[in-house]
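Residue numbers for the sequence shown follow my numbering, beginning at 13 and rising by one.
Ideal placement from N, C-alpha and C gives every residue a C-beta, glycine not left out.
See below for the structure under consideration.
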Amino acid sequence: MVADKPADNANEKNDKLDVLKSTQTVVKKALDKLGYPNEVYELMKEPVRMMTVRIPVRMDNDQIKIFTGYRSQHNDAVGPTKGGVRFHPNVSEKEVKALSIWMSLKAGIVDLPYGGGKGGIVCDPREMSFRELEGVSRGYVRAISQIVGPTKDIPAPDVFTNSQIMAWMMDEYSRIDEFNNPGFITGKPLVLGGSHGRETATAKGVTICIEEAAKKKGINVEGARVVVQGFGNAGSFLAKFMHDKGAKVVGISDAYGGLHDPDGLDIDYLLDRRDSFGTVTNLFNNTITNEELLELDCDILVPAAIENQITEENAHNIKANIVVEAANGPTTLEATRILSERGILLVPDVLASSGGVTVSYFEWVQNNQGYYWTEEEVEEKLHNVIVKGFDNVYRTSETRRVDMRLAAYMVGVRKMAEASRFRGWI
Ligand code: NAD
């Protein structure tokens, strides 16, 4: 009997860190609050389609290596599914499923004509050559080609994938389809039909959410102290935008540690020195840990790295007044409750990081119409979409007296549930 206890605790802890389970929990709560019957939850708790593929690639040492990949399509009642492809050693079926549900919610919150999709390949691009990466990218597209396409499911970049990988994938799909098909994928280089502003879109969206949240909290962004965890695509551009708006970025980090300066870090210098994987702290001696970084004295904290960073263990020690989740799933549900009880305004991932999918949608629209917009047009449209999404979620949170995460899920599931009902699925 005594021996059972640690196993129970371990299971309980694993459950709390299980992103699919916690997502399902909030989806259920949101649907209950909106008054939908249980069969709506039964449909939405899992993707409608999940494909696992095995991708053989000839490596540089002439041996064949078999990679495992996934493509999850959560719900296509509203329109084609849409979401990034992640290259990472920790990619799992569960994670890809959860990420595809989040994409559905994001599309619902910013009112895009999409459902959510997501893909991933178990690999470590940091240890692969350019040629090997191309082999994996093309092999993945061949393996999933039957279920993707500009009117079915549209991939995009995510962790450790970039515009070059999108270009290889677009080229492979165009060969299979036998015509040039830029609308198959977003996040492409500009010369292949990419959109202005796509690379910085997530960080721009987070910046707009920070400005809106700061207004609600009576904080002036100019002079505010900001801490950013993660210095990759999302984190580094965000640090730059905050710095340019006159905020003081007092802490940043990457996978190897963090940097802290209460007078503000030299962001332009750090951007100049970081590598393409978002690593910069390895160039410094006096670093702090990521755990210490999250608890730094600041006004605004932005987790922009990985999942499960703010938990019930450190939520009581967070000093920020506003937490804006640029990363997907950085805060557990217990931590969400603690932050909310402490009066900290949390802008959840499904709202805060929806800038990326919004400009991906703009890219797809431009590809479909064959007419391209200026950077200013993209920025103005993005601003309007994110402000509207923020207002909608904030208002729902106030009027329904729920935390911002539950409010965002309520806004996010509604359109999908209605579309599924009109189609006669439920
Ligand atoms: P990225 O690969 O460009 O950068 C990730 C950063 O996190 C790097 O600086 C890396 O060193 C750091 N990191 C990795 N492991 C860490 C750890 N254990 N502790 C602290 N830092 C760690 O990725 P990205 O595109 O910037 O994405 C970051 C997060 O934002 C992810 O959760 C992603 O899903 C989310 N996101 C990104 C986009 C986008 O368009 N880039 C859109 C929506 C959501």
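Have a look at Arg433, Glu303 and Thr93 and flag the residue whose alpha-carbon is nearest the alpha-carbon of Val240.
In the sequence shown, residue 240 corresponds to position 228, counting from 1. Closest by alpha carbon: Glu303.
Between Lys33 and Met62, how many whole angstroms is the CB-CB distance? I'm expecting something under 8 Å.
For the purposes of this step, residue 33 is taken as residue 21 along the sequence shown, with counting starting at 1. For the purposes of this step, residue 62 is taken as residue 50 along the sequence shown, with counting starting at 1. That pair is no contact at about 16 Å.
If we require 3 or more residues per run, which beta strand (DSSP E) segments fall completely within the region 75 to 142?
76 to 85, 93 to 100 and 127 to 134
Going straight from the alpha carbon of Pro320 to that of Leu29, what length do you get?
If you number the sequence shown from 1, residue 320 lands on position 308. If you number the sequence shown from 1, residue 29 lands on position 17. At residue 320 the sequence reads Asn, which differs from the Pro that was named. Roughly 6 Å separates the two Cα atoms.
What did DSSP end up calling Pro18 once you bin it into helix, strand or coil?
Position 6 of the sequence shown, counted from the start, is the residue given in the question as residue 18. Residue placement at Pro18 is flagged as unreliable, the pLDDT there being 44, under the threshold of 50; the coordinate-derived value follows with that caveat. Reduced to three states, the DSSP call for Pro18 is helix.
What is the C-beta distance between Ile220 and Thr198, in whole angstroms, given that I count them as a contact (C-beta under 8 Å)?
Here residue 220 refers to the residue found at position 208 when the sequence shown is read from its first residue. Here residue 198 refers to the residue found at position 186 when the sequence shown is read from its first residue. Rounded, the Cβ-Cβ distance is 20 Å, inconsistent with contact.
Any residue with its Cβ nearer than 6 Å to a heavy atom of the ligand NAD should be included. What is that list in chain order?
Asp170, Val171, Phe172, Thr214, Gln241, Gly242, Phe243, Gly244, Asn245, Ala246, Gly247, Ser265, Asp266, Ala267, Gly290, Thr291, Asn302, Ala316, Ala317, Ile318, Ala338, Ala339, Asn340, Ser365 and Gly368
Taking 7 Å as the limit between beta carbons, can you name the residues of its chain near Arg66, skipping five residues before and five after?
Numbered from 1 along the sequence shown, position 54 holds the residue referred to as residue 66. The answer, listed in chain order, is Ile78 and Thr80.
Considering Met62, what are the terminal residues of the beta strand (DSSP E) in which it resides?
Looking up residue 62 in the sequence shown gives position 50. Where Met62 is concerned, the enclosing beta strand (DSSP E) stretches over Arg61 to Arg70.
DSSP three-state call for Ser265: helix, strand or coil?
As a working mapping, residue 265 is identified with position 253 in the sequence shown. Strand, per DSSP.
Sorted by chain position, which residues of the same chain lie with C-beta nearer than 7 Å to Lys164's C-beta, five sequence neighbours on each side aside?
For the purposes of this step, residue 164 is identified with residue 152 of the sequence shown, where counting begins at 1. Excluding positions up to five away in sequence, the list reads Pro92.
Taking DSSP's pairing of strands, which residues face His328 in a bridge?
Counting from one through the sequence shown, the residue named residue 328 turns up at place 316. Looking at the DSSP assignment, His328 forms no beta bridge with any residue, so it has no partner.
When you compare only the Cα positions, how much space is there between Thr386 and His208?
As a position in the sequence shown, residue 386 is number 374, starting the count at 1. As a position in the sequence shown, residue 208 is number 196, starting the count at 1. Cα to Cα, Thr386 sits roughly 7 Å from His208.
Complete beta strand (DSSP E) runs within the region 236 to 283 (minimum length 3 residues, chain order)
237 to 241, 260 to 266 and 269 to 272
On the three-pair Cβ rule with 8 Å, is the region 264 to 278 touching the region 331 to 347?
no
Quick check on Ala338: does DSSP put it in helix, strand or coil?
Stepping through the sequence shown from its first residue, residue 338 is reached at position 326. The answer is coil: DSSP assigns Ala338 none of H, G, I, E or B.
Buried/exposed call for Ala19, threshold 16 Cβ in 10 Å:
For the purposes of this step, residue 19 is taken as the residue at position 7 of the sequence shown. Because the pLDDT of Ala19 is 45, which lies under 50, any placement of that residue in the model is unreliable, and the number read from its coordinates should be weighed accordingly. So Ala19 ends up on the exposed side.
My guess is that Asp311 and Ala327 are in contact by the Cβ rule of under 8 Å, so how many angstroms apart are they, rounded?
Position 299 of the sequence shown, counting from 1, holds the residue named residue 311. Position 315 of the sequence shown, counting from 1, holds the residue named residue 327. Wrong, their Cβ atoms sit about 17 Å apart, outside the cutoff.
Our contact map puts Val97 next to Gly131 with C-beta atoms below 8 Å; I'd like the distance itself, whole angstroms only.
The residue given as residue 97 occupies position 85 in the sequence shown. The residue given as residue 131 occupies position 119 in the sequence shown. Contact holds; Cβ gap of about 4 Å.
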